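To start, the structure itself, in structure tokens.
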Amino acid sequence: MSANTPLEKNDISDPVKIKMQNGTLNKGLTSEKKEKKNSEEIPTNSNYADNAGESDSVNVSDGEFYKRLMEDNPLDQVSVTSAILGCIGGISISFLFRCKTISIPIYAIALVTFHLLEYLVTAKYSADKVSVDSFLIFNGTSYMVAHMVAFIEAMVEVYFGFTFKKTSIITLIGFLLTLYGQYLRSIAMITAGKSFSHRIAENKKQNHSLVTDGIYAKFRHPSYRGFYLWALGTQIMLCNPISFLGFSVVLYKFFSARIKCKYISLFNLFLN
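Counting from 1, position 239 in the sequence shown corresponds to residue 239 in our numbering; the numbering is continuous, with no gaps.
Okay, here's the thing in structure tokens:
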């Protein structure tokens, strides 16, 4: 007889009772094993689930998450957008070995890299906010017009043989500034994690926190700073004096207004 069998001394002489109690005990142990096994088989995903207490069932929460994820990220749109950006990047790389003014294909590569990273980093570190709009391709009419003007200015000035377009040191400075701006932008998004959003938050979620460490401890609004430096770096790289002035003024006004809205949002979410 097992030492763990919960029997009183006066029960030892009754084999029927012993058998019944052993059967009950074995049944209870079997039920506990089944419950433990079932609990271990429940799939959980801590990367996607919000803080505990929001839902009684992790499966239900994950189901709602994946449903919203598929609705906001149609497979055909994400695939086509990625394929087009990839084709543009591949064609631009091939022109690096054919074009005398390599700053133009590098500019195209920088654009492709920026838009792909916007989606990929958001999907990786802030999956609950990712959507097909996270590519930021249709980032307003002024944004698209600005880059079209920049391309046209670069090609027109190259066509008419402006000598400053061949100044390699200016192109190099612009290229390095573009890389630095892209680094700041991406590392800020990664550091913010689930607290990052392309839209200014109006309501505070459970996983929304005020980020003050990492790159945010060194710079104020590093994602805005990164985008600003990236954009100006591309125009310095292209040696585009007109577009450089235009980008500087338009982006300064845009981020000045956005930062004011951001401060109001932060005050309401964390201090009010």
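All C-beta atoms in this analysis are idealised placements derived from N, C-alpha and C, irrespective of residue type, glycine included.
All of these numbers come straight from a predicted model, not from anything done at the bench.
Inset, instruction - Can you tell me which of the three DSSP states CYS239 falls into? - result: When secondary structure is reduced to three states using DSSP, CYS239 falls in the coil class, being assigned neither helix nor strand.
Inset, instruction - Take the Cβ of ARG68 as the centre, count every other Cβ of all protein chains shown within 10 Å, and call the residue buried at 16 or more, exposed below. - result: ARG68 is exposed by the Cβ-count criterion.
Inset, instruction - Could you say which of ALA110, CYS99, TYR263 lies nearest to GLY181 if we only look at CA atoms? - result: ALA110
Legend entry - 8 angstroms Cβ shell around GLU153 - same chain, five flanking residues per side excluded: LEU238, ASN240, ILE242, SER243
Inset, instruction - Could you check if ILE264 is buried or exposed, using at least 16 other CB atoms within 10 Å of its CB as the buried criterion? - result: exposed
Legend entry - Own chain residues within Cβ distance below 6 angstroms of CYS261, not counting five before or after: ILE200
Legend entry - Of the listed residues VAL145, THR163, LEU177, nearest to GLY226 (C-alpha basis): In this structure, LEU177 is the residue among VAL145, THR163, LEU177 with its C-alpha nearest to the C-alpha of GLY226.
Inset, instruction - Count the other C-beta atoms from every protein chain shown that fall within 10 angstroms of the C-beta of GLY174, then say buried if there are 16 or more, exposed otherwise. - result: That one is buried.
Inset, instruction - Compute the distance between the beta-carbons of ILE132 and THR81, then report whether it is under 8 angstroms. - result: The question names Ile, but residue 132 in the sequence shown is Val. Closer than 8 angstroms, so yes.
Legend entry - Buried versus exposed, by CB contacts within 10 Å (16 or more), PRO222: It counts as buried.
Legend entry - Backbone secondary structure at VAL211 - three-state DSSP: coil
Legend entry - Straight-line Cα distance separating PRO74 from THR101: Straight-line Cα distance between these residues: approximately 38 angstroms.
Inset, instruction - Determine the contact status of LEU116 and LEU136, defining contact as a CB-CB distance below 8 angstroms. - result: no
Legend entry - CB of TYR224 within 8 angstroms of CB of PHE255, strictly: yes
Inset, instruction - Would you check if the distance between the CB atom of ILE88 and the CB atom of VAL121 is smaller than 8 angstroms? - result: no
Legend entry - Straight-line Cα distance separating LEU96 from GLY214: 36 angstroms
Inset, instruction - Using a threshold of 8 angstroms, state whether the C-beta atoms of ALA146 and PHE247 are closer than that. - result: yes
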